[in-house]
Amino acid sequence: MGKTNRSLVSEFVFLGLSNSWMIQLFLFLFSCVFYMASLLGNFLIVLTVTSNPQLHSPMYFLLANLSIIDLICSSFTAPKMIFDLLRKHKTISFGGCITQIFFIHAVGGTEMLLLIAMAFDRYVAICKPLHYLIIMSPQNCILILVASWIIGFIHSVTQLIFVVDLPFCGPNELDSFFCDLPRFIKLACINTNTLEFMVTANSGFISVVSFLILIISYIFILVTVQKKSLGSLYKALSTLSAHVMVVVLFFGPLIFFYLWPFPTSHLDKFLAIFDVIVTPFLNPVIYTLRNKEMKVAMKRLCTRFMNYIKLS
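Taking my numbering, the leading residue of the sequence shown gets 7, the next gets one more, and so forth.
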């Protein structure tokens, strides 16, 4: 069946973001700037955490891995999107489309679980400080990270199992700039209403449940801290505000994609650009601007780098 699919539809055509050359040029420059900034920002976080012994703690370990995930996730869609903005005929092979869908869902699922792990880390640090080093030991942190990746890959594989062998006999146009599962399924030659509902319910349910778990956990932390002292509440609010902003930026577009009953192509594309280009850039900005230790460590790293360049 898979071979038959590839012989009938060997590639898919992206309709892109706009037919206007001026808009495409603006989007090209906009996407290039934000993509390069997100690469630089996330790479700087990873380098800062790994090179500074003072940041070798569970919180920064999870933050560095979130940056790695953002680097991977944006790099599976942004480079091709930027390249296609300058092309008239925007295509992707059948295998390339499947690969893109697989990694988008695998990495996205992993990021959901990692955000939950980061919320749990803050809960233990704020509510159970005496047990923090035991609960969030290096071994447990690595176990959490490995489990997140395994579950993310399982989530992606279970969805692709049902769609990879669908018959595709045309048309082959995707009204998007990357391969997303709902639009991909709609191009199949058979009735896919049940499959579309299953995929939407699966990803939508996981997104909503993860989002609710995170928000409830943050509320629980604040309520617990409020009982101790007002000063501790302000400190917790300062720490958790960055986490909440990242969670809303990540889950907002996802929940809209899968649960909004009246999808509109233009709004979907706008949110997709935001999710692929802007969110990976904002994550490092939000975390570094709200964290004094990260700002100091980054300044030291940049100073050492500049001194090294002058000496060489």
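Built from N, CA and C at the ideal position, the CB exists for glycine as well.
Of the residues assessed, E179 falls on the exposed side of the cut-off, its CB having fewer than 16 other CB atoms within 10 angstroms. In this structure, the straight-line span from the alpha carbon of S73 to that of N48 is close to 5 Å.
Going by DSSP, F287 is part of the alpha helix (DSSP H) stretching over T285 to L295. Distance from the CA atom of L246 to the CA atom of Y224, rounded to whole angstroms, is 7 Å.
In the three-state DSSP reduction, V19 falls in the strand class (E or B). Scanning the stretch 115–175 for uninterrupted alpha helix (DSSP H) segments of 4 residues or longer gives 138–141 and 144–166, listed from N- to C-terminal end. Non-local C-beta neighbours of H137 in its own chain, meaning closer than 8 Å and more than five positions away in sequence, comprise V130, ordered along the chain. The DSSP-derived three-state label of I98 is strand. The three-state secondary structure of L180, taken from DSSP, is strand. In this structure, the straight-line span from the alpha carbon of P144 to that of I157 is close to 20 Å. Rounded to whole angstroms, the Cβ separation of L243 and L228 is 7 Å, and the two are in contact under 8 Å. Nearest to C195 by C-alpha distance, out of F257, C175 and S216, is C175. Taking a contact to require three or more Cβ pairs closer than 8 Å, the stretch 34–53 and the stretch 290–301 qualify as touching. Comparing C-alpha distances from F257 to each of A207, L220 and T230 shows the shortest one belongs to L220. In the three-state scheme derived from DSSP, where H, G and I count as helix and E and B as strand, A207 is classed as helix. Put simply, the stretch 79–94 does not touch the stretch 118–135. Fewer than three CB pairs are less than 8 Å apart. Within the same chain, and ignoring the five residues on either side of A43 in sequence, the residues whose Cβ sits closer than 7 Å to its Cβ are F287.
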